[in-house]
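Those letters in the sequence shown? Residues 384 to 505, per my numbering, in order.
Glycine included, each C-beta is placed from N, C-alpha and C at the ideal position.
Bear in mind that the values here come from a model prediction, so they are computed numbers and not experimental data.
See structure below.
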Amino acid sequence: MTDAPSENSPVEDNESVSIAVHPVAPPETDPFDPVKERATGAREVARVLVFTFAATIGATFIIIALIYFRSSTPAQANEFVKAFVDVVPVMENFVTKIFGPLLAFVLGYYFGEKGKANAGGS
Numbered sequence: 384m385t386d387a388p389s390e391n392s393p394v395e396d397n398e399s400v401s402i403a404v405h406p407v408a409p410p411e412t413d414p415f416d417p418v419k420e421r422a423t424g425a426r427e428v429a430r431v432l433v434f435t436f437a438a439t440i441g442a443t444f445i446i447i448a449l450i451y452f453r454s455s456t457p458a459q460a461n462e463f464v465k466a467f468v469d470v471v472p473v474m475e476n477f478v479t480k481i482f483g484p485l486l487a488f489v490l491g492y493y494f495g496e497k498g499k500a501n502a503g504g505s
C-alpha cells in the first residue's frame, strides 16, 4: 500500500483545490408571441371541452352498461331504466346549456382566427 494519493482518493488537508466558475449563457428561448399564445390557449380550451363532452357521453354508456350487468331480472332492469330515464333530462339540460354555447364560442373563435389568417395572407 502506498502513501501517494490516487485519483479517486479524497483530498488531503494540506492540498489546495482550485475551482473555476465560468459564466453560463441562458438557453435560447422564443420571443413572446401573443398570437401564438392565444392560439395555444384556444386549443387547450377546445381540448377540455371535447374531453368533457366525451366524458359525459362515456358516463352515459357506463350507466347503461351498469344497468345491463347489474340487473338480474327484467323487473329489476325496468326499475333501473326508470331511474335512468329520470336522469336523462338533467343530463340533456347540462349538455345543451353548457356545451352548446361553449362549442359555438370555440368554433366562432377558430373560424374567426382562420379567416383573419387567410385574409392577411392574400
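Excluding the 5 residues preceding and the 5 following M384 in the sequence, name in chain order all residues of the same chain whose CB lies nearer than 7 Å to its CB.
-> Translated into the one-based positions of the sequence shown, residue 384 becomes position 1. Here the model assigns M384 a pLDDT of 49, short of 50, so the residue's position is not dependable, and the following value carries that caveat. Answer for M384: no residue qualifies.
Does DSSP put F488 in a helix, in a strand, or in coil?
-> Sequence index remark: in the sequence shown, residue 488 carries index 105 (1-based). DSSP places F488 in helix when its eight states are reduced to three.
For F415, which residues of its own chain have a beta-carbon under 7 Å away from its beta-carbon, when the five flanking residues on both sides are left out?
-> Counting from one through the sequence shown, the residue named residue 415 turns up at place 32. Here the set comprises nothing.
In angstroms, rounded to a whole number, what distance separates the CA positions of D502 and F452?
-> Here residue 502 refers to the residue found at position 119 when the sequence shown is read from its first residue. Here residue 452 refers to the residue found at position 69 when the sequence shown is read from its first residue. The question names Asp, but residue 502 in the sequence shown is Ala. Rounded to whole angstroms, A502 to F452 spans 55 Å at the Cα level.
Throw me the rounded Cβ distance for the L486 and L432 pair, which I believe falls under 8 Å.
-> Translated into the one-based positions of the sequence shown, residue 486 becomes position 103. Translated into the one-based positions of the sequence shown, residue 432 becomes position 49. The pair is a contact, with the Cβ atoms about 7 Å apart (cut-off 8 Å).
Out of A438, S455, A460, T423, point me to the one whose CA is closest to F477's CA.
-> The residue given as residue 477 occupies position 94 in the sequence shown. Among A438, S455, A460, T423, the Cα nearest to that of F477 belongs to A438.
Spatial neighbours of H405 in its chain, beta-carbon cut-off 7 Å, leaving aside the 5 residues before and after | Position 22 of the sequence shown, counted from the first residue, corresponds to residue 405. There are no such residues.
When you compare each of G498, Y492, A500, F467 to G424 by their alpha carbons, which one comes out closest?
-> Here the question's residue 424 lines up with position 41 in the sequence shown. With distances taken between Cα atoms, G424 lies closest to Y492.
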